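Trainee: Structure below; questions to follow.
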Amino acid sequence: MNQPFPHLFSPGRLRGLTLPNRLVMAPMESNLAAADGSVSDDMLAYYTARAAGGVGMVIVEYACVDRPLGLGGSPQLGIDDDALIASHRRLTDAIKAQGARACLQLFHAGRQTLRRFTGGQAPVAASPIACRVYREEPRGLTVPEIEALTVKFGEAAARAVAAGYDAVEIHGAHGYLIGGFLSGASNHRADSYGGPLENRLRFPLAVIAAVREGAGEAPVIFRLSAEEFVEGGTGIDEALAMAPRLVAAGADALHVSTGTAERMDCNVDPVSAPQGWRVPLARQVRAVAGVPVLTVGVIRQPEVAEQAVADGSADFVALGRALLADPDWPAKARRGAVEAIRPCTSCNWCVDQLLSHKRLGCAENPSAGRETEAPIRRSGAGRNAAVVGGGPGGMVAALLLHDAGFRVTLFERAATLGLGLVASGTPPGKDKFFWYRDYLVRQLEQAGIAVRLNAEAKPADILALAPAIAVVATGAANRALPVEAADDAPLGFAHDLLTGEAPLGDGPVVIVGSGETGCECAEYVADAGHEVVLVSRSPERRLARRAQYVYRRQLIARLESNPRIRIETGMELAAVGNGHAVLRHADGTTHRRPAGRVLLALGRVPENGLAEVLRAAGLPTHVIGDSREVGRIGDAVHDAYAAVRAFTRAEAGAETAEVTALSC
Numbered sequence: 001m002n003q004p005f006p007h008l009f010s011p012g013r014l015r016g017l018t019l020p021n022r023l024v025m026a027p028m029e030s031n032l033a034a035a036d037g038s039v040s041d042d043m044l045a046y047y048t049a050r051a052a053g054g055v056g057m058v059i060v061e062y063a064c065v066d067r068p069l070g071l072g073g074s075p076q077l078g079i080d081d082d083a084l085i086a087s088h089r090r091l092t093d094a095i096k097a098q099g100a101r102a103c104l105q106l107f108h109a110g111r112q113t114l115r116r117f118t119g120g121q122a123p124v125a126a127s128p129i130a131c132r133v134y135r136e137e138p139r140g141l142t143v144p145e146i147e148a149l150t151v152k153f154g155e156a157a158a159r160a161v162a163a164g165y166d167a168v169e170i171h172g173a174h175g176y177l178i179g180g181f182l183s184g185a186s187n188h189r190a191d192s193y194g195g196p197l198e199n200r201l202r203f204p205l206a207v208i209a210a211v212r213e214g215a216g217e218a219p220v221i222f223r224l225s226a227e228e229f230v231e232g233g234t235g236i237d238e239a240l241a242m243a244p245r246l247v248a249a250g251a252d253a254l255h256v257s258t259g260t261a262e263r264m265d266c267n268v269d270p271v272s273a274p275q276g277w278r279v280p281l282a283r284q285v286r287a288v289a290g291v292p293v294l295t296v297g298v299i300r301q302p303e304v305a306e307q308a309v310a311d312g313s314a315d316f317v318a319l320g321r322a323l324l325a326d327p328d329w330p331a332k333a334r335r336g337a338v339e340a341i342r343p344c345t346s347c348n349w350c351v352d353q354l355l356s357h358k359r360l361g362c363a364e365n366p367s368a369g370r371e372t373e374a375p376i377r378r379s380g381a382g383r384n385a386a387v388v389g390g391g392p393g394g395m396v397a398a399l400l401l402h403d404a405g406f407r408v409t410l411f412e413r414a415a416t417l418g419l420g421l422v423a424s425g426t427p428p429g430k431d432k433f434f435w436y437r438d439y440l441v442r443q444l445e446q447a448g449i450a451v452r453l454n455a456e457a458k459p460a461d462i463l464a465l466a467p468a469i470a471v472v473a474t475g476a477a478n479r480a481l482p483v484e485a486a487d488d489a490p491l492g493f494a495h496d497l498l499t500g501e502a503p504l505g506d507g508p509v510v511i512v513g514s515g516e517t518g519c520e521c522a523e524y525v526a527d528a529g530h531e532v533v534l535v536s537r538s539p540e541r542r543l544a545r546r547a548q549y550v551y552r553r554q555l556i557a558r559l560e561s562n563p564r565i566r567i568e569t570g571m572e573l574a575a576v577g578n579g580h581a582v583l584r585h586a587d588g589t590t591h592r593r594p595a596g597r598v599l600l601a602l603g604r605v606p607e608n609g610l611a612e613v614l615r616a617a618g619l620p621t622h623v624i625g626d627s628r629e630v631g632r633i634g635d636a637v638h639d640a641y642a643a644v645r646a647f648t649r650a651e652a653g654a655e656t657a658e659v660t661a662l663s664c
């Protein structure tokens, strides 16, 4: 069979190291390290799974070279002590046993950390300028401290090689210590380490030289932000000036990224970021660097990765969140099974887990970060199982039950599956959620699972199957608002508009409710050419408060700059007439607004009455997703996994076995 992606699966070289293909696992924080900075069993299993999936090289996440002052999280991997070498050796042996090469990223947080991570000490940085996200004022490093840290980076590189790593990467991007020295936004020093670019390069170049010496013949990669997107920060012109200097100091390859903690939307990009948007930056750096370049960021489909290598934009493609969603992405791409790849939607569930100081997780792949858990037992033995509701949770539950050996019937009252994903994917820039819906539908079809559409499942329908288990994933209902409305009032729900179940109509639109659904609906309606009034009860602009942190920042910026959207705060809907809405201000005054359509976006409430009836009939019944508690896609998927896992374990008679409760 012809290789569908010949450039992607050709060997590549870094210095004297040959990689079997051009795919690299990008370094990502996992919170899976042991408390002492060593490699835990969970971390070992997590990386082994990604190596087994077919990447050419795994870049292991940020290993601190100077604990605790250089820590950026907890627990975090360390490489500052010889006692950690044996632990890392376990990891490199496991990665290389799968045919991949192993690389370790060397890291110091600089100002982007918290005192609770640094043992109560003030963070250190190029200058005493606080990061606006972490808001911890750092202490400017002295020259002797800079020189001592340079040595520590070199010693860490030597330990990495002793532990069996084939290469090392210096984290010089994203605003951490080294990137902070490079950036004019965070480096205001008046000595030889600050000011002009030549001075700001002094410490990074010294680190490269020290790491080069410590690493011996192992390749040294330098990761940089080619654009920080902050005022006064590194931009592409400076990055192009830096690149040859970094190489001359000893870097064998450059890993081109963007952003800082203050611009996480340009670092861990939200769903709205287009695929491969950083690739042109990598191409520019490659043109001046004279060494291999790695590109990274929102590369989800093999075709995009193949093009980046084929057209000379990059030598290697780093995959991060894509490998959380599907560790077997490379193996599936190699054999041309592109539609079998579980797609990353850039929903940033993984980021929110880490920001909450939980272990790494993935909305679409509940096994991510939990590879040490025993797989779901195959206990179905051909018995029937019923799933009611064809949203993401219901579809995943059906697939898991099928894999466990059950004969599954899935009931969906609508004419199509995945309406929740349709609602998520319809707003501007969020079409990646359609990828996930289409993936789940294909998986159901390939599994041969019986799907009954337009089927409002009654208890009798379910009990007639004599199922061993029922999963109720009926979702949620729109929260209504008791309001005076004319018989012909154009009143509807924002959620129904986004799912395509309700028409938009003509004329201006009033949207009542400024949560994520209301805000996204406002943008969608405005993009369709309508004037929009977005009504918020809050006296302040507390828009989309529960939206994903990184995505919310961009969403609000777009709303506030859209000339078709007017945001009215401190208001509530008082009445709806034919062609108008009456809003009542907190001060009691009323205001009439023209409205061809009035859409309510006041949240949703769980629908789960069916579950009680089924339980009363003696049927083991699990309630998941919005039926249990209105939440995100990841909540529904993790609920499905937890429900099926709990049921199969209970059936096995594991009275003493702990039923894993996933973090939803």
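For the sequence shown, the UniProt record's numbering assigns the number 1 to the initial residue and increments by one for each residue that follows. A virtual CB, placed ideally from N, CA and C, is assigned to each residue, including glycine. Predicted model only: the values in this text are computed from it and were never measured.
What are the boundary residues of the alpha helix (DSSP H) that includes S87?
Mentor: I85 to A97
Trainee: With three or more C-beta pairs closer than 8 Å as the rule, is the stretch 25-32 touching the stretch 53-61?
Mentor: At 8 Å Cβ cutoff, the stretches touch.
Trainee: Taking three-plus beta-carbon pairs below 8 Å as touching, is the stretch 230-244 in contact with the stretch 511-526?
Mentor: no
Trainee: What does V133 pair with, by DSSP beta-bridge criteria?
Mentor: The partner list for V133 (beta bridge, DSSP) is empty, contrary to what the question assumes.
Trainee: So if DSSP puts C103 in a beta bridge, which residue, or which two residues, is it bridged to?
Mentor: I59 and A167
Trainee: Taking its Cβ as the centre, do 16 or more other Cβ atoms sit within 10 Å of E655, making it buried, or is it exposed?
Mentor: For E655, the predicted model reports a pLDDT of 33, less than 50, meaning its position is unreliable; a value from the coordinates is still stated below. Counting C-beta atoms within 10 angstroms of its own C-beta, E655 has fewer than 16 neighbours from the protein chains shown and is therefore classed as exposed.
Trainee: With a threshold of 16 other CB atoms inside 10 Å of the CB of E306, please say whether the residue is buried or exposed.
Mentor: buried
Trainee: Considering only C-alpha positions, which residue in the set Q121, R377, C350 and A522 is nearest to N365?
Mentor: C350
Trainee: Alpha carbon to alpha carbon, what distance is there between D81 and A109?
Mentor: 17 Å
Trainee: I need the straight-line Cα distance from residue 670 to V630, nearest angstrom please.
Mentor: This structure cannot speak to residue 670, because the chain is shown only from 1 to 664.
Trainee: Between which two residues does the beta strand (DSSP E) harbouring M571 extend?
Mentor: M571 to G577
Trainee: Where does A601 sit, in a helix, a strand or coil, going by DSSP?
Mentor: coil
Trainee: Is G12 near the ligand MN, going by C-beta to nearest heavy atom under 7 Å?
Mentor: Looking for the ligand MN in the displayed structure turns up nothing, as the structure carries no ligands at all.
Trainee: Are three or more beta carbon pairs between the stretch 614-628 and the stretch 358-373 nearer than 8 Å?
Mentor: no
Trainee: Quick test of your reading: P508 and G596, contact by CB under 8 Å. State the CB separation rounded to the nearest angstrom.
Mentor: 6 Å
Trainee: To which residues does DSSP link C64 through a beta bridge?
Mentor: G78 and F107
Trainee: Looking at the unbroken alpha helix (DSSP H) that takes in V422, where does it start and where does it end?
Mentor: L419 to G425
Trainee: Identify, in the order they occur along the chain, each residue of the same chain with its Cβ nearer than 6 Å to the Cβ of A282, setting aside the five sequence neighbours on each side.
Mentor: V256, V293, T295, S313 and A314
Trainee: Suppose contacts are defined by Cβ-Cβ distances below 8 Å. Is F316 in contact with R263 by that definition?
Mentor: no
Trainee: Could you give the distance in angstroms between the alpha-carbon of V304 and the alpha-carbon of A318?
Mentor: 12 Å
Trainee: Measuring only the C-alpha atoms, how far is S10 from E540?
Mentor: 55 Å
Trainee: Hey, quick one: how far does the alpha helix (DSSP H) through T499 stretch, first residue to last?
Mentor: A494 to T499
Trainee: Tell me which residues share the same chain as R245 and place their Cβ nearer than 7 Å to its Cβ, disregarding the 5 neighbours each side in the sequence.
Mentor: Excluding sequence neighbours, R245 sits near L201 and L205.
Trainee: Is it right to say D311 is buried, meaning 16 or more other beta carbons lie within 10 angstroms of its own, or is it exposed?
Mentor: exposed
Trainee: For H580, collect the residues of the same chain with a Cβ closer than 8 Å to its Cβ; drop the 5 residues on either side in sequence, then sort them by chain order.
Mentor: R592, R593, P594 and A595
Trainee: When you compare only the Cα positions, how much space is there between A661 and A642?
Mentor: Residue placement at A661 is flagged as unreliable, the pLDDT there being 31, under the threshold of 50; the coordinate-derived value follows with that caveat. Those two C-alpha atoms are separated by around 6 Å.
Trainee: By the 10 Å Cβ neighbour count, where 16 or more other Cβ atoms means buried, how is A33 classified, buried or exposed?
Mentor: Counting every other CB atom within 10 Å of its CB across the protein chains shown gives A33 a total of 16 or more, marking it as buried.
Trainee: Can you confirm whether the stretch 420-440 touches the stretch 336-348 when touching is taken to mean that 3 or more C-beta pairs between the two stretches lie within less than 8 Å?
Mentor: yes
Trainee: Near R212, what residues of its chain come up, given a Cβ to Cβ distance below 7 Å and the 5 sequence neighbours on each side ignored?
Mentor: V220 and G250
Trainee: Using the C-alpha atoms, what's the distance from Q112 back to Q76?
Mentor: For Q76 and Q112, the distance between alpha carbons rounds to 14 Å.
Trainee: Please list the terminal residues of the continuous alpha helix (DSSP H) segment that includes L201.
Mentor: Counting along the chain, L201 falls outside any alpha helix (DSSP H), and DSSP gives it neither H nor E.
Trainee: Just checking, does the stretch 487-498 make contact with the stretch 405-415 on the three C-beta pairs under 8 Å criterion?
Mentor: Short answer: they don't touch.
Trainee: What does H591 pair with, by DSSP beta-bridge criteria?
Mentor: L583
Trainee: Applying the criterion that 16 or more other CB atoms from any shown protein chain within 10 Å of the CB defines a buried residue, is D41 buried or exposed?
Mentor: exposed
Trainee: If I measure Cβ to Cβ from A450 and keep anything under 6 Å in the same chain, skipping five residues before and after, which residues do I get?
Mentor: T409
Trainee: How would you label Q353, buried or exposed, when you count the other beta carbons within 10 angstroms and need 16 or more for buried?
Mentor: Flag for Q353 reads buried.
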